[in-house]
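Protein chains in written order, with the UniProt record's numbering: chain A, 1 to 220; chain B, 1 to 220; chain C, 1 to 220; chain D, 1 to 220.
Number of protein chains: 4
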Amino acid sequence: MYGTVQAEVRQVNRASDPRGCDDLPPRARRYDAAGTRSALLGAAELRFARYGYDRCSVRDIAKDAGVDAALVYRYFGSKEALFDAVSTSTGLFEPLRHLPLNEVSAWICDVVSMGPTEEEAPHPLLTKLRSSNREETVGRLREEVTEVFSQGFARRLEGEDAELRAELLAAWLMGITLLRLAIRSPALATTPDDTLLRFLRAGIDPLLDADCPGRGGEDG
Amino acid sequence: MYGTVQAEVRQVNRASDPRGCDDLPPRARRYDAAGTRSALLGAAELRFARYGYDRCSVRDIAKDAGVDAALVYRYFGSKEALFDAVSTSTGLFEPLRHLPLNEVSAWICDVVSMGPTEEEAPHPLLTKLRSSNREETVGRLREEVTEVFSQGFARRLEGEDAELRAELLAAWLMGITLLRLAIRSPALATTPDDTLLRFLRAGIDPLLDADCPGRGGEDG
Amino acid sequence: MYGTVQAEVRQVNRASDPRGCDDLPPRARRYDAAGTRSALLGAAELRFARYGYDRCSVRDIAKDAGVDAALVYRYFGSKEALFDAVSTSTGLFEPLRHLPLNEVSAWICDVVSMGPTEEEAPHPLLTKLRSSNREETVGRLREEVTEVFSQGFARRLEGEDAELRAELLAAWLMGITLLRLAIRSPALATTPDDTLLRFLRAGIDPLLDADCPGRGGEDG
Amino acid sequence: MYGTVQAEVRQVNRASDPRGCDDLPPRARRYDAAGTRSALLGAAELRFARYGYDRCSVRDIAKDAGVDAALVYRYFGSKEALFDAVSTSTGLFEPLRHLPLNEVSAWICDVVSMGPTEEEAPHPLLTKLRSSNREETVGRLREEVTEVFSQGFARRLEGEDAELRAELLAAWLMGITLLRLAIRSPALATTPDDTLLRFLRAGIDPLLDADCPGRGGEDG
DNA sequence: TATGAATGAGTATTCATTCAT
DNA sequence: AATGAATGAATACTCATTCAT
Numbered sequence: 001m002y003g004t005v006q007a008e009v010r011q012v013n014r015a016s017d018p019r020g021c022d023d024l025p026p027r028a029r030r031y032d033a034a035g036t037r038s039a040l041l042g043a044a045e046l047r048f049a050r051y052g053y054d055r056c057s058v059r060d061i062a063k064d065a066g067v068d069a070a071l072v073y074r075y076f077g078s079k080e081a082l083f084d085a086v087s088t089s090t091g092l093f094e095p096l097r098h099l100p101l102n103e104v105s106a107w108i109c110d111v112v113s114m115g116p117t118e119e120e121a122p123h124p125l126l127t128k129l130r131s132s133n134r135e136e137t138v139g140r141l142r143e144e145v146t147e148v149f150s151q152g153f154a155r156r157l158e159g160e161d162a163e164l165r166a167e168l169l170a171a172w173l174m175g176i177t178l179l180r181l182a183i184r185s186p187a188l189a190t191t192p193d194d195t196l197l198r199f200l201r202a203g204i205d206p207l208l209d210a211d212c213p214g215r216g217g218e219d220g
Numbered sequence: 001m002y003g004t005v006q007a008e009v010r011q012v013n014r015a016s017d018p019r020g021c022d023d024l025p026p027r028a029r030r031y032d033a034a035g036t037r038s039a040l041l042g043a044a045e046l047r048f049a050r051y052g053y054d055r056c057s058v059r060d061i062a063k064d065a066g067v068d069a070a071l072v073y074r075y076f077g078s079k080e081a082l083f084d085a086v087s088t089s090t091g092l093f094e095p096l097r098h099l100p101l102n103e104v105s106a107w108i109c110d111v112v113s114m115g116p117t118e119e120e121a122p123h124p125l126l127t128k129l130r131s132s133n134r135e136e137t138v139g140r141l142r143e144e145v146t147e148v149f150s151q152g153f154a155r156r157l158e159g160e161d162a163e164l165r166a167e168l169l170a171a172w173l174m175g176i177t178l179l180r181l182a183i184r185s186p187a188l189a190t191t192p193d194d195t196l197l198r199f200l201r202a203g204i205d206p207l208l209d210a211d212c213p214g215r216g217g218e219d220g
Numbered sequence: 001m002y003g004t005v006q007a008e009v010r011q012v013n014r015a016s017d018p019r020g021c022d023d024l025p026p027r028a029r030r031y032d033a034a035g036t037r038s039a040l041l042g043a044a045e046l047r048f049a050r051y052g053y054d055r056c057s058v059r060d061i062a063k064d065a066g067v068d069a070a071l072v073y074r075y076f077g078s079k080e081a082l083f084d085a086v087s088t089s090t091g092l093f094e095p096l097r098h099l100p101l102n103e104v105s106a107w108i109c110d111v112v113s114m115g116p117t118e119e120e121a122p123h124p125l126l127t128k129l130r131s132s133n134r135e136e137t138v139g140r141l142r143e144e145v146t147e148v149f150s151q152g153f154a155r156r157l158e159g160e161d162a163e164l165r166a167e168l169l170a171a172w173l174m175g176i177t178l179l180r181l182a183i184r185s186p187a188l189a190t191t192p193d194d195t196l197l198r199f200l201r202a203g204i205d206p207l208l209d210a211d212c213p214g215r216g217g218e219d220g
Numbered sequence: 001m002y003g004t005v006q007a008e009v010r011q012v013n014r015a016s017d018p019r020g021c022d023d024l025p026p027r028a029r030r031y032d033a034a035g036t037r038s039a040l041l042g043a044a045e046l047r048f049a050r051y052g053y054d055r056c057s058v059r060d061i062a063k064d065a066g067v068d069a070a071l072v073y074r075y076f077g078s079k080e081a082l083f084d085a086v087s088t089s090t091g092l093f094e095p096l097r098h099l100p101l102n103e104v105s106a107w108i109c110d111v112v113s114m115g116p117t118e119e120e121a122p123h124p125l126l127t128k129l130r131s132s133n134r135e136e137t138v139g140r141l142r143e144e145v146t147e148v149f150s151q152g153f154a155r156r157l158e159g160e161d162a163e164l165r166a167e168l169l170a171a172w173l174m175g176i177t178l179l180r181l182a183i184r185s186p187a188l189a190t191t192p193d194d195t196l197l198r199f200l201r202a203g204i205d206p207l208l209d210a211d212c213p214g215r216g217g218e219d220g
């Protein structure tokens, strides 16, 4: 299904399979466990991010990787395990632990701009969002959000309801990723980063402020 | 797959079938086209919202509705048509056309609170979000967002980059829906509406303001 | 399947349902048993001849006839019975009983020219040929051929192996019908009747001759 | 549908699998791609010839072949492709290109006698005739007849209307095949070949003659 | 290590048929 | 007499997974 993404994956494949390069002996090509494993990972990353768990077949992934489908089971055990391997936290949220609060907007801007916007490259968040119909994926997302935002980042926020404010930040991050990379709404998909950043600040910085929500309730 | 949600659907079915409210015996209701149709719609609504398009089988939906799977084809023509019938715009965004800007936060608050939070009821947005791996769904989402936000709502915003700001609003709406109803992150899933509202204002109202992004760039 | 042949059938339908004609009261239109029955027969005749038993659905036939599919069962009992009713001997071979032998070629010519060649009209033989994958149809064909040719017509032939010669005649009749009306091979489908007749004679008349096969065996 | 023809197919399978002719134990033959493929072909050949395309299910064919139905898709891609593989021209008509005209009758006699007459073996022409309700099959038959008879063989005939005469020959060939092998009319199904041949000559040779139709029109 | 042969459960969809109205 | 609601079995096809090589 969905044609092939072989061309691109082949590159990925070659990146980790530098046959014909210089120092690596050019003989070993098949029977290259590490290479096969990472080729599968690369292909899966792409497929899963693009089509979601359910619309990817193990065979398609294997074909993209240029190996036999049975190897998915040899190296990962199951389609699900492969997905887990691919969608396992990539340290994407790591910066949130130490980043100065006034740089958070810029970081979010970076995150939602990852990958070539044109061709829906494998964005780590998108992989999960695209498969958010799977209970397991949702569970992992909950754990991750809880750990990173509700517990981790919230602790760095002064003021009331830090937990909620952190999750609102997460919500925006996900929403923008979805609209910009998956749904590709007209403005978000095309706006240059610096413009986006200015508006992100407008919405985010108040949330990070110590006296948020401020006196905002008055005029409601 | 995924056992049965029959019990609940039966309720939905009856709840949305306001005929013979009290004295009609609730049994013997075969040969009731309208009832069957709406039972199927109800069951599909629930299943699709909960598991997404790919993880719902026509058979399961029919079983939930208590009818034969072939009736899906009699009444809707295909699984896809049934999904369309369920996910077709329900006028959810209608209020955005006339609502005073300072009530937008409250409206968002309402939207993301729709349906019993405990049991992941069929939220119209969630249905689409859960199936956002389907190209058709993504396409429809893009159309809807474009029409309602990028074109419709943006026109009501003064200041620069109205389109982008409108889409950022949409992004937040979707992100919060996702976190609150699907992912169920700890704070968002439990925070009472009025509390949520106060913080929503803090993030949203600046975006709606005529001189957004204001002088926010200074301290970055 | 296969679009609709409704237009034509409607005519058939009207032919046997002369509403708005002159002397028949224009009220009776629904609740017209005979009319419904014959409308179904007409539609079935067309469909079966065109697509064969297996590629016709009862619903399509009923739709062509402009009535509900259940009426097929009311009036005929089953799809199979409807097919039988349609394919039951129409006296097509009746002339073979008395026709002078030297007019047989001309008669065959007539038979294979029945119905508008362009639009594959319901040819009684074609109906059976198109469904010759059904055991029942084959059985009936065998009976019919046996009765009409092997027993009936053969008795009128002098000379040896009359039975075989009669069946060879039947074979040619069927083969030409198939090629001319179903397969529509270039020459047979377009050749005018009088030309065809001249060549039919060349092949058939020897078979009907009393001293057939004559001295044909010599040069083999 | 139609029970099983397993027993016979197994034979066919083994007969056409000339490996380990004697000493190889006939059991234990899994993981044998070529064997599986040809078993499927054999089973399909038989089923299709006997029941026609529409009355054969992929499952039944697979069951006859003793393998899983999914393998039909592995090896052929679709039911239709399997049918094509089975019904693809087998060079049956090849002899018509060079055969001396006075041996044509004998060749036809051979063709219509192919396969055990008793048990409706897979005759290449019968396969197509039995599925002549399919548009694709009819189309292929038209092409084949056109190429082989209307164009190829006709060129070898002297005299007028060669094309028509060639098609009349084809018609007879098909009609006899149908009556002899499918319908099994009493005489044709039992007559020995040499007798049949004598009468075939009587009908066919005149058609092949250079001055056909001769002066046959006089006595009509 | 890698391949590809084999499987069985599952999917959407169609259809002849029956039942209540 | 006629309708259309309902059913269940069947169909072609796909896919994750396992087994022999």
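Backbone N, C-alpha and C define an ideal beta-carbon position, used for all residues, glycine too.
CA-to-CA distance, residue j to residue i, given in whole angstroms
i, j, result
"C212 of chain C", "A85 of chain C", "39 angstroms"
"I183 of chain D", "F149 of chain D", "24 angstroms"
"L173 of chain C", "C109 of chain C", "9 angstroms"
"G77 of chain B", "S87 of chain A", "36 angstroms"
"A44 of chain B", "K79 of chain B", "10 angstroms"
"A100 of chain B", "F93 of chain B", "The displayed chain sequence assigns Pro, not Ala, to residue 100 of chain B. Distance between the alpha carbons of P100 of chain B and F93 of chain B: 14 angstroms."
"T177 of chain D", "V112 of chain D", "5 angstroms"
"R198 of chain B", "D205 of chain B", "11 angstroms"
"T195 of chain D", "F83 of chain C", "37 angstroms"
"L200 of chain D", "R165 of chain C", "9 angstroms"
Chain A contact residues for residue i, given Cβ-Cβ distances below 7 angstroms
i, result
"R184 of chain B", "R142"
Nonlocal neighbours in the same chain, by C-beta distance under 7 angstroms from residue i, ignoring five residues either side
i, result
"L179 of chain C", "S185, L188"
Residues that residue i contacts on chain D, provided the C-beta gap is smaller than 7 angstroms
i, result
"S78 of chain C", "Ordered by position in chain D, no residue passes the 7 angstroms Cβ test against S78 of chain C, which lies about 16 angstroms from the chain."
"D161 of chain C", "T195, F199"
"R165 of chain C", "F199"
Neighbourhood of residue i by C-beta, 6 angstroms cutoff - its chain only, sequence neighbours within 5 removed
i, result
"G203 of chain B", "none"
"residue 223 of chain D", "No information on residue 223 of chain D is available, as it lies outside the stretch 1 to 220 that chain D covers here."
"G214 of chain D", "none"
"P124 of chain B", "T90, L92"
Distance CB(residue i)-CB(residue j) smaller than 8 angstroms
i, j, result
"A49 of chain B", "G66 of chain B", "no"
"G52 of chain B", "N133 of chain A", "yes"
"R59 of chain A", "D54 of chain B", "no"
"Y75 of chain A", "R130 of chain A", "no"
"V145 of chain A", "A162 of chain A", "no"
"L181 of chain A", "L126 of chain A", "yes"
"G159 of chain A", "A210 of chain A", "yes"
"L208 of chain D", "L157 of chain D", "yes"
Closer than 7 angstroms at the beta carbon, the chain C residues around residue i
i, result
"T146 of chain D", "S185, P186"
"V138 of chain D", "A182, I183"
"W172 of chain D", "A171, W172, G175"
Under 9 angstroms by beta carbon: chain A residues contacting residue i
i, result
"S87 of chain B", "Ordered by position in chain A, no residue passes the 9 angstroms Cβ test against S87 of chain B, which lies about 13 angstroms from the chain."
Nonlocal neighbours in the same chain, by C-beta distance under 8 angstroms from residue i, ignoring five residues either side
i, result
"H98 of chain D", "none"
"L96 of chain A", "V104, W107, V148, F149, G152, F153"
"R155 of chain C", "A162"
Partner residues on chain C for residue i, Cβ-Cβ distance less than 9 angstroms
i, result
"I204 of chain D", "G203"
Per-residue contacts from residue i into chain B (C-beta, under 8 angstroms)
i, result
"S131 of chain A", "N133"
Under 8 angstroms from the C-beta of residue i: neighbouring residues of chain C
i, result
"L96 of chain D", "In chain order: nothing, as chain C lies at least about 15 angstroms away."
Pull out every residue of the UniProt domain "HTH tetR-type" (34-94) of chain A whose Cβ sits closer than 7 angstroms to any Cβ of chain B, in chain order. Listed by position along the chain: Y51, G52, D54, R55.
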